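Comments concern the structure below.
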Amino acid sequence: MSKQTHSFQAEVKQILHLVTHSLYSNREIFLRELVSNASDACDKLRFEALDNAALLEDAPELAVRVLFDADAKTITIRDNGIGMSADEAAAHLGTIAKSGTREFMSKLDGDQKKDANLIGQFGVGFYSGFIVADRITVETRRAGLPAEQGVRWSSEGTGEYDLETIERTQRGTDVILHLREDAAEYLSTWKLKSIISKYSDHISLPVLMQKDEWDAEAGAQIKTDEWEPVNKAAALWARSKSDVTDAEYQEFYKQISYDSQAPLAYTHNRVEGRTEYTQLLYIPTKAPFDLWNRDKRGGVKLYVKRVFIMDDAETLLPVYLRFVKGVIDSADLPLNVSRELLQESRDVKAIREGSTKRVLSMLEALADSDSAEDKAKYQSFWNEFGAVLKEGIGEDMANAERLAKLYRFASTHADEGVSLADYVSRMKEGQDTIYVITADTLTAAKNSPQLEIFRKKGLEVLLLTDRVDEWLLSHLHEFEGHSLQSVAKGGVDLSKLQDDEEKKKAEEAAETFKPVLERLKESLKSRVKDVRVTTRLVDSPACVVVEEGDMSAHLARLLKQAGQEAPSSLPVLEVNPDHALVKKLADDPRFDDLAQILFDQALLADGAQLDDPAAYVQRVTRLLAA
């Protein structure tokens, strides 16, 4: 193939523009990204060579080499990994097929445009070379292809790239950066070594550079033909915990997660027994942008006997722990393990159970600590990942009790950080139920009329405002022998907390108000299941609830917003017989209008949308004009 010129994919053009014009802080990450890519290429070759040893050709020792030419102003990152064919070079270097491209560009276009750490997070690490280079040349040959099928790719990072066939005897890839004038500082052995030590020290392959020696005649350091490792080239997780510093753990986390922040917590353990494996698991400080992306694979990196097998081995941890980052290295799994085999393996089940317990133990250590700093850390974790952790109550029955103790809520007593154990410790004498309410927002929950009697009696109610909370309540039915009761479902029984006078007053009101209830039922017969008096209201004239066993109004709204059909069930209207508006209903000639307005207002206070808002407006207008 003679030299051909191609246009970049539209998204690549945008990214290249942003890379070359916006990423000017922490420029040194270009080397981290390219060394990481080179290491990945070697890992892929090692994996493919398990089934086809001929791919190793005559060079079974895998390594990454970094070299520079001060005169030519070039830096070369060389690997003898899997390499690329012409089609693969065009596909991988000319287009972007990974999700997250739009989010990447939007973040770089916004307030975080200086944050170069974003680049690796979105799978566009190769293009970081253009932070320091005005031209990049890639020379490559895929393992197993003949020498005459080598490929040269080159571009100045604008709108086009060139592709041609070359003769290349060695397999693997050379990425040659032709540096900009303002990037000359990287043409230094000391500078490159310091960057590699900082970002790539934990890569399990050796990263080599040519050894320098002093030339007395020239009066300068000159490069020799001898290569020396710059990184430790040892899997960090395989080292003893006593030999690894906290700084090394944190730097390794940043390397594997592309996160610029230190992790919130981590655990490093070697597990022995029927199943042997090593785990190094991290809890991030901040949630990733794609935490709720259903197409995004979650999971940790899987190694077998230190041989890299796959990224995002999602079967090694349950889905509700998809935010956990780290490495699991098994001594028992076969090297040719596939995603399908992982789902069926007994060893994987043991690893999954053990790793889940380790993560929960990390969280419990923070949540139960007496340290104010640890408690603040846990609250920070909960604010970022609490909604995801709530998914576990229905997925992981074996750990349901542990999960329930980790959950935190807002309540009528506190805006955040209330555990179920805290709630139980504050329960009133005679109270045996944990009261909860679900709503779209914290403000809506706090102002719900259904809370009025609870506020009057000083009873705490948990305020649940995450979309997943309806799912949570369908699986979390009790805690330490106390049942959970939604205040918006059924007739809440507060009789144990009422004195004799209150009970007598409620019974008399129900009897006296019977004729009005019958008229309300008749007037609203197509819109309500029942109308009854209630003692739960203090300041509001009415509220709507659903019968026990029916779908809550909040869940029905969530399903509707998601484009799904919710089972149709009519609500129950509860009225406050002590409210002035309700008292005047019986003798008012506008009874039907007032009844409809009363019901519509109760729906609005519950967060619902009216089916016929125009009719409501007309009734209110008539009332005001009278």
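To get our numbering, take the position in the sequence shown, counting from 1, and add 1. Backbone N, C-alpha and C fix where the C-beta goes; we use that ideal spot for every residue, glycine too. Bear in mind the structure is a predicted one, so any value in this text is a computation, not a measurement.
Where residue i sits in the DSSP three-state scheme
i	result
F382	helix
S37	helix
Y128	helix
T268	strand
Q280	strand
R633	Coverage of the chain is limited to positions 2 through 627, which leaves residue 633 absent and any answer about it impossible.
A626	helix
M311	strand
N577	coil
F514	coil
Y162	strand
H179	strand
H7	strand
A401	helix
G355	helix
E140	strand
F324	coil
R47	helix
T174	strand
G1	In the structure as shown, the chain starts at 2 and stops at 627, and residue 1 therefore has no counterpart that could be examined.
S189	coil
F290	coil
R520	helix
D593	helix
K99	Per-residue confidence for K99 stands at a pLDDT of 42, beneath the threshold of 50, marking its modelled position as unreliable; the derived number appears in the next sentence. Reduced to three states, the DSSP call for K99 is coil.
Residue i, buried or exposed, once every other Cβ within 10 Å from all chains shown has been counted against 16
i	result
V389	buried
N38	buried
Q486	buried
H203	buried
I223	exposed
L119	Only weak support exists for where L119 lies, its pLDDT of 46 falling under 50; the coordinates are left without a value.
D112	Note that D112 scores a pLDDT of 48, beneath 50, so its modelled location is shaky and nothing firm can be said.
K629	The question about residue 629 has no answer here: the residues shown for the chain are numbered 2 through 627.
L459	It should be pointed out that residue 459 corresponds to Gly in this sequence rather than to Leu. By the neighbour-count rule (16 or more Cβ atoms within 10 Å), G459 is not buried but exposed.
V618	exposed
L625	exposed
L452	buried
K358	exposed
D470	buried
S40	buried
P578	buried
A603	buried
P516	exposed
Residues of its chain near residue i, where Cβ-Cβ distance is below 6 Å and the 5 sequence neighbours each way are ignored
i	result
D175	T77, R79, E140
Q280	N270, I329, S356
E417	A411
G145	L56
L364	L407
D116	Any reading at D116 must be qualified, since the residue scores a pLDDT of 45, below 50, and its modelled position is unreliable; no value is offered.
Residue j beta carbon less than 8 Å from that of residue i
i	j	result
Y424	I438	no
V573	V547	yes
D467	K391	yes
L46	L56	yes
L164	T75	no
T268	I352	no
L265	F382	yes
I16	Y128	yes
V532	L521	yes
L209	R66	yes
R136	S155	yes
D433	H483	yes
I394	L473	yes
Residues near residue i by beta carbon distance below 8 Å, same chain, minus five either side
i	result
L361	N400, R403, L404, L407
F600	L525, R528, V529, A543, V545, L574
T316	G300, R340, L343, Q344, V349, R353
K447	T413, L464
K429	K458, G459, L460, L498
R28	A117, I132, V133, A184
E396	P319, V320, Y321
K212	K224, T225, E227, W228, E229
Own chain partners of residue i with C-beta closer than 7 Å, once the 5 adjacent residues on each side are dropped
i	result
R620	D594, Q597, I598
I167	E140, G151, V152, R153
Exercise for review: List in chain order: all unbroken beta strand (DSSP E) runs of 3+ residues lying wholly within the stretch 201 to 248.
Suggested key: The stretch 201 to 248 contains these whole beta strand (DSSP E) runs: 208 to 216, 221 to 230.
Review point. Which ranges would you report for the alpha helix (DSSP H) in the stretch 426 to 505 if only whole runs of at least 4 residues count?
Key: As far as the stretch 426 to 505 is concerned, its whole alpha helix (DSSP H) runs of at least 4 residues are 443 to 447, 453 to 458, 470 to 476.
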